Structure formats: structure tokens, C-alpha cells
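Shown next, in C-alpha cells, is the structure this report addresses.
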Amino acid sequence: MRDIRQGGHVARLARGPRDVARAQALRAEAFLGDAAGRDADAHDAECLHVLVEEAAGGRLVCCFRVLLLEDGAGIARSYSAQFYELSALAAFEGRMAEMGRFCIRPGLGTDPDILRLAWAAMTRLVDDHGVAMLFGCSSFKGVEAEPYLDAFAVLGARHLAPRRWWPRVKAPAVFRFAERLKRHRPDLKAAMRHMPPLLRTYLMMGGWVSDHAVIDRQMGTLHVFTGVEIGAIPAARARMLRALAG
Numbered sequence: 008m009r010d011i012r013q014g015g016h017v018a019r020l021a022r023g024p025r026d027v028a029r030a031q032a033l034r035a036e037a038f039l040g041d042a043a044g045r046d047a048d049a050h051d052a053e054c055l056h057v058l059v060e061e062a063a064g065g066r067l068v069c070c071f072r073v074l075l076l077e078d079g080a081g082i083a084r085s086y087s088a089q090f091y092e093l094s095a096l097a098a099f100e101g102r103m104a105e106m107g108r109f110c111i112r113p114g115l116g117t118d119p120d121i122l123r124l125a126w127a128a129m130t131r132l133v134d135d136h137g138v139a140m141l142f143g144c145s146s147f148k149g150v151e152a153e154p155y156l157d158a159f160a161v162l163g164a165r166h167l168a169p170r171r172w173w174p175r176v177k178a179p180a181v182f183r184f185a186e187r188l189k190r191h192r193p194d195l196k197a198a199m200r201h202m203p204p205l206l207r208t209y210l211m212m213g214g215w216v217s218d219h220a221v222i223d224r225q226m227g228t229l230h231v232f233t234g235v236e237i238g239a240i241p242a243a244r245a246r247m248l249r250a251l252a253g
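Read in order, the letters of the sequence shown correspond to residues 8 to 253 in the working numbering.
Dropping the structure here:
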């Protein structure tokens with residue numbers, strides 16, 4: 008992937024272990040509140056790592072990793088497969104990419120330019136590698152569902168996965184929001200306000216989610232499996248993303 012420069016930021020692939028270590032340090036700060044630690048696991052070695060930096064000075068402001076799969080037969084290698092029973096997706100015939108560990112430096116999460124540039128980089132990777140499905144875990148901060156009931160109710164009513172790709176329960180602790188919130192009448196403004204920015208972008212691309220959220224106490228998050236079939240992205244949205252990617 009070629010570097011992408013927009014405004015005061017640049018998105019690029021990690022060029023070696025030092026860059027990966029920087030991403031792991033930012034992840035630790037964003038997910039674990041540990042400014043001196045590292046968030047690392049065995050999946051890092053198999054992934055491409057994307058960094059978004061300030062053009063002046065090179066401060067890392069955002070990162071994520073991407074696992075490329077030739078087709079659904081490799082889905083068990085994904086990070087998401089630890090938490091979701093994904094055998095239905097093993098039948099997917101196109102190339103797949105798992106986007107994971109997406110984070111923005113604390114205090115900068117409201118900067119739309121950073122999110123746009125991250126998606127520009129993801130779009131370029133998808134096009135460069137002929138990816139037909141993008142998937143991953145979309146995280147809500149904390150492990151209590153109560154603050155997010157409106158958001159979960161909207162997901163359950165409008166954005167559940169197609170039956171042919173249905174992610175089933177595997178994790179020991181889950182919140183079955185589609186079942187539990189059938190009669191919940193959500194406040195739509197509150198739902199959008201509490202929806203993670205990454206998930207909002209997935210949904211605008213026609214994305215779908217699992218019917219349950221995993222309670223991940225190690226990472227301190229609730230997360231839902233999220234998928235986007237590239238061919239189903241609305242044409243106007245696809246044009247906008249490709250314009251951002253250059």
C-alpha cells in the first residue's frame with residue numbers, strides 16, 4: 008500500500024518491528040489505559056499493521072491491523088473466531104480481510120479527519136488485494152450493556168447478519184441483545200450517540216452484525232461481530248471511499 012497523505016496526517020503500513028511495537032503501545036493506552044505497556048498477541052505476526060501519523064513530527068494517532076484470507080476456509084485463523092462460531096462463513100468464496108485492534112489516541116477520537124484517513128487506507132488495501140468481505144469485532148467501551156441499550160436495540164432491529172453468514176454464540180459470556188431487546192423502543196439519537204464511530208461507518212456501508220455482544224473482560228469491552236460485503240456497499244459510499252483513497 009502506498010502512503011496516503013491528507014491534511015496534516017499520513018497513513019502507511021508498518022515497516023518493521025519498531026512500527027509494530029509503536030502500534031502495540033498505542034493499543035495498550037487506548038484499550039487498557041496503560042500508557043507504558045503493550046497490547047500484543049500471536050495474531051500480530053500474521054497481520055499487516057496500518058499507522059496514521061501526524062505529518063509534522065510523526066506522532067502516532069491511530070492504528071489497526073489487517074489479516075488477509077484467501078477465502079472463508081481460513082476463517083478459524085481470525086481473531087474473531089476466538090469469540091464467535093463462524094462456520095457459516097467458511098463457505099464464503101471470495102477474499103476476506105479482518106480489520107482489528109482499531110484505535111485512536113485518547114483525546115483525539117472526535118477528529119473526523121483521522122477516521123476518514125484510516126478508512127481511506129482500508130479502502131486502498133481492500134482494492135489492492137481484491138477483498139470481497141471485510142469483517143471484525145466492533146467494540147463498545149466497558150462491559151456493562153446498560154449505557155448502550157438503545158444502540159443494541161437498533162442493531163437488533165435493523166442490522167442483523169444475513170442468515171447464510173449468521174455468527175453463532177461461542178463465548179461463555181454474551182449479551183443476546185436481539186432477543187432481549189425485541190420490545191425495547193430505542194431513542195434513535197441516543198442510539199447513534201452511543202454507537203462506536205467505527206461501527207457507524209460499517210453500518211453506512213451496509214454492514215451487519217451478530218445478534219449478540221461478547222463480554223470481553225480482558226479488553227474491558229463489549230463487542231459485536233461485524234461484516235461488510237464489498238459488492239453490497241452503496242455506490243455513492245463506495246465512490247466517496249475511493250476518492251478518499253486516491
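We treat Cβ as the ideally placed atom computed from N, Cα and C, and that holds for glycine. These figures come from a predicted structure and were not determined experimentally.
Confirm, please, whether the CB-CB distance from residue j to residue i is below 8 Å.
i	j	result
residue 184	residue 163	yes
residue 240	residue 199	no
residue 215	residue 95	no
residue 92	residue 224	no
residue 16	residue 57	no
residue 79	residue 98	yes
residue 252	residue 130	yes
residue 102	residue 50	no
residue 31	residue 124	no
residue 8	residue 132	yes
residue 182	residue 222	yes
residue 19	residue 10	yes
residue 90	residue 168	no
residue 67	residue 29	yes
residue 63	residue 46	no
residue 122	residue 203	no
residue 152	residue 229	yes
Pull the bridge partners of residue i from the DSSP assignment, please.
i	result
residue 85	DSSP lists no partner for residue 85.
residue 182	220
residue 77	For residue 77, which the question treats as bridged, DSSP gives no partner whatsoever.
residue 205	Residue 205 is not bridged to any residue.
residue 13	16
residue 111	69
Is residue i helix, strand or coil when you go by DSSP?
i	result
residue 130	helix
residue 92	strand
residue 250	helix
residue 28	helix
residue 163	helix
residue 240	coil
residue 136	coil
residue 151	coil
residue 172	helix
residue 104	strand
residue 232	strand
residue 195	helix
residue 188	coil
residue 99	coil
Return the residue from the list the options that minimises the CA-CA distance to residue i.
i	options	result
residue 3	117, 187 and 86	It is not possible to answer for residue 3, since the shown part of the chain is limited to 8 through 253.
residue 188	157, 179, 64 and 28	157
residue 210	29, 145 and 222	145
residue 88	248, 227 and 217	217
residue 247	84, 61 and 126	126
residue 77	168, 179, 100 and 29	100
residue 161	149, 46, 219 and 151	219
residue 48	27, 207, 190 and 205	27
residue 250	230, 128, 117 and 33	128
residue 201	149, 171 and 186	149
residue 118	61, 38 and 231	61
Does the CB of residue i have a neighbour CB from chain D at under 8 Å?
i	result
residue 37	Here there is only one protein chain, and chain D is not present.
Quick check: the stretch 128-147 against the stretch 219-236, are there 3 or more CB pairs under 8 Å? yes
Can we say the stretch 109-125 touches the stretch 60-74, given the rule of at least three CB pairs closer than 8 Å? yes
So does the stretch 36-54 actually touch the stretch 111-129, counting three or more Cβ pairs closer than 8 Å? yes
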